[in-house]
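So for the sequence shown, UniProt numbering puts the first residue at 1; every next one is plus one.
The C-beta atom is built at its ideal place from N, Cα and C for all residues, glycine as well.
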Amino acid sequence: MLELLNQLDGFDSRGDVKVIMATNRIETLDPALIRPGRIDRKIEFPLPDEKTKRRIFNIHTSRMTLAEDVNLQELIMAKDDLSGADIK
């Protein structure tokens with residue numbers, strides 16, 4: 001972790017280097033990592049709504065032959081906290 005923090009601090013202010021990070025649980029990150037000057041902008045991508053989950057399921061199952069007892073609507077509605085990665 002210390003090496004990562006040192007690397008983040010080593011970039012100059014010209015803006016030639018952009019660092020992009022992603023996490024599903026920002027609350028678990030060390031505050032030293034996400035302080036201003038290291039991570040200056042946070043963009044939240046909320047969990048998909050029902051319509052978007054349906055589209056994601058359709059994309060990932062379009063080339064599959066699903067068993068007759070597979071009910072995509074039940075899977076879509078089963079959990080509210082499914083991310084696109086969870087569905088995949």
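**Request:** Assign I20 to one of three DSSP states: helix, strand, or coil.
**Result:** Sequence index remark: in the sequence shown, residue 20 carries index 20 (1-based). Coil, per DSSP.
**Request:** Starting from the Cα of N24, find the closest Cα among H60, E44, M64 and give me that residue.
**Result:** Taking the sequence shown and counting its residues from 1, the one referred to as residue 24 is at position 24. Ranking the options by Cα distance to N24, first place goes to E44.
**Request:** Please confirm if I26 has its CB atom under 9 Å from at least one CB of chain D.
**Result:** Annotation note: the requested chain D is absent from the structure, which comprises a single protein chain.
**Prompt:** What's the call for P48, buried or exposed, on a 16-neighbour Cβ count within 10 Å?
**Reply:** Residue numbering aside, residue 48 sits at position 48 when the sequence shown is read from its first letter. The residue in question, P48, is buried, as its Cβ has 16 or more Cβ neighbours within 10 Å.
**Message:** Quick check: what's the CA-CA separation for I76 versus R55?
**Reply:** What you label residue 76 is simply residue 76 of the sequence shown in a count that begins at 1. What you label residue 55 is simply residue 55 of the sequence shown in a count that begins at 1. Looking at the two C-alpha atoms, the distance is approximately 10 Å.
**Asked** Is it the case that the Cβ atoms of F57 and I20 are separated by a distance below 9 Å?
**Response** Translated into the one-based positions of the sequence shown, residue 57 becomes position 57. Translated into the one-based positions of the sequence shown, residue 20 becomes position 20. No, the pair does not count as a contact, with Cβ atoms beyond the cut-off.
**Message:** Just to confirm my understanding: we take L29, look at its own chain, exclude 5 residues before and 5 after, and list those with CB closer than 7 Å. What are they?
**Reply:** Taking the first residue of the sequence shown as position 1, residue 29 is located at position 29. T23.
**Cβ shell of V17 (< 6 Å), same chain only, five flanking positions each side left out** = Here residue 17 is taken as the residue at index 17 of the sequence shown, counted from 1. Contacts found: F11.
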